[in-house]
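I have placed the structure first, in the form of structure tokens, so that the comments after it can refer back to it.
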Ligand SMILES: [Zn+2]
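Numbering (the UniProt record's numbering), first residue to last: 1 to 375.
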């Protein structure tokens, strides 16, 4: 069995590039993980997701435990085989989504009981149960079970919640056990408070994890507050382990996070916005439903090599969106994932060349130009 490891290859300021080695393949960092909530990246075949440049996908424990259930996926050979993706998968712990989606939640020291948002059935998640589910799924990178208060919250509430999450981190570590070839990540909490983040980082490091996530951000605090927290939070975590910013984000959030020392990110945005007619390009956001595209024979982005840009016009993408055709979401999702992965590759190259500052300046200058002039 190949062990897992994290190899830092270059730094430029606080930005880092490297590789996470796992038995299922390398994850080049900074890495963007497309989200495959219900064992699919919506509208994309796994081979197509790989073609965009993704090394790893994210799966959601909460959704999969409710439907089709972790036990069923295990009987069918695990999540990789079930969804036909043979590269690494990271699963979240279910904690965040229980808090945002489930009904009739009851939080105790033991864990959370709740009713499914799908059929009202009763379930329980605890550190031990979350570790069991993620093991049944066959996840390569397992996340600790944690609790995250909605912001804004008062400092005492954030501190209590963080300390509960640290006790759950120890229980997660104990329940995970020794599993060569698999990684367990701890999750730093503490809201926007520097001292609470430091206390959390220290608690996690004394337990010891294979990687560390910055949790509890991208929950509506805004980019300025998030960057303010990222100015200190990643630096409190070990330098020789991967750092993962959960649930981020827009392209400019991602560039700002990498600049501040983040190695991994995930977000539903490229796939979700693809289904609602929104495209992300080097020149910013394009709303394909806008009438200005109806007669435009040009591609979404003439420099992009994805199938949507190589083979179709803006006029076609506009037409299929307005007609409610399935191919609309498929093509725009493909383009968006391709754009995100190109952005990551651009940052990895720039950090390796020690030219991240120039990359960042060019990134913002291109976006400043806005979309191409209408025909
Ligand atoms: Zn494209």
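Think of the CB as a built atom: it goes at the ideal place given N, C-alpha and C, for glycine as much as any other residue.
Which whole-angstrom value describes the C-beta separation of residue i and residue j, a residue pair presumed to lie in contact below a C-beta threshold of 8 Å?
| i | j | result |
| --- | --- | --- |
| residue 376 | residue 33 | Any answer about residue 376 is impossible in this case: the structure gives the chain only from 1 up to 375. |
| residue 82 | residue 73 | 5 Å |
| residue 14 | residue 260 | 6 Å |
| residue 366 | residue 283 | 6 Å |
| residue 317 | residue 331 | 6 Å |
| residue 41 | residue 271 | 6 Å |
| residue 321 | residue 12 | Actually they are not in contact, since the Cβ atoms of residue 321 and residue 12 sit about 39 Å apart, beyond 8 Å. |
Verify whether the separation of the beta carbon atoms of residue i and residue j is less than 8 Å.
| i | j | result |
| --- | --- | --- |
| residue 149 | residue 161 | yes |
| residue 307 | residue 334 | yes |
| residue 79 | residue 59 | yes |
| residue 225 | residue 269 | no |
| residue 17 | residue 30 | yes |
| residue 66 | residue 118 | yes |
| residue 106 | residue 98 | no |
| residue 188 | residue 213 | yes |
| residue 103 | residue 96 | no |
| residue 274 | residue 43 | yes |
| residue 295 | residue 281 | no |
| residue 175 | residue 128 | yes |
| residue 6 | residue 180 | no |
| residue 199 | residue 190 | yes |
Going by alpha carbons, who is nearest to residue i out of the options?
| i | options | result |
| --- | --- | --- |
| residue 152 | 218, 304, 17, 288 | 218 |
| residue 238 | 206, 250, 109, 228 | 206 |
| residue 62 | 353, 283, 123 | 123 |
| residue 178 | 220, 197, 135 | 135 |
| residue 240 | 248, 50, 262, 369 | 262 |
| residue 337 | 56, 91, 215 | 56 |
| residue 195 | 332, 158, 316 | 158 |
| residue 52 | 345, 357, 353, 352 | 345 |
| residue 220 | 243, 247, 202 | 247 |
| residue 100 | 199, 360, 147, 137 | 147 |
| residue 341 | 374, 305, 223, 137 | 305 |
| residue 208 | 49, 280, 184 | 184 |
| residue 314 | 369, 368, 255, 375 | 375 |
| residue 137 | 37, 250, 358 | 37 |
| residue 264 | 50, 254, 170 | 254 |
| residue 327 | 141, 223, 45 | 45 |
| residue 8 | 364, 223, 351 | 351 |
| residue 289 | 339, 323, 258 | 323 |
| residue 215 | 170, 143, 258, 250 | 143 |
Just checking residue i against ligand 1 - is the residue's beta carbon closer than 7 Å to any of the ligand's heavy atoms?
| i | result |
| --- | --- |
| residue 269 | no |
| residue 252 | no |
| residue 335 | yes |
| residue 338 | yes |
| residue 266 | no |
| residue 301 | yes |
| residue 308 | yes |
| residue 304 | yes |
Using only the alpha-carbon positions, how far apart do residue i and residue j sit?
| i | j | result |
| --- | --- | --- |
| residue 168 | residue 145 | 6 Å |
| residue 133 | residue 125 | 9 Å |
| residue 24 | residue 86 | 7 Å |
| residue 353 | residue 10 | 9 Å |
| residue 211 | residue 3 | 14 Å |
| residue 182 | residue 299 | 42 Å |
| residue 293 | residue 92 | 39 Å |
| residue 120 | residue 360 | 47 Å |
| residue 245 | residue 233 | 10 Å |
| residue 236 | residue 70 | 34 Å |
| residue 376 | residue 279 | This structure cannot speak to residue 376, because the chain is shown only from 1 to 375. |
| residue 172 | residue 75 | 24 Å |
| residue 371 | residue 362 | 15 Å |
| residue 110 | residue 163 | 14 Å |
| residue 227 | residue 256 | 7 Å |
| residue 319 | residue 197 | 49 Å |
| residue 54 | residue 35 | 11 Å |
| residue 108 | residue 329 | 41 Å |
| residue 166 | residue 154 | 19 Å |
| residue 229 | residue 201 | 13 Å |
| residue 339 | residue 223 | 21 Å |
| residue 291 | residue 285 | 15 Å |
| residue 77 | residue 50 | 21 Å |
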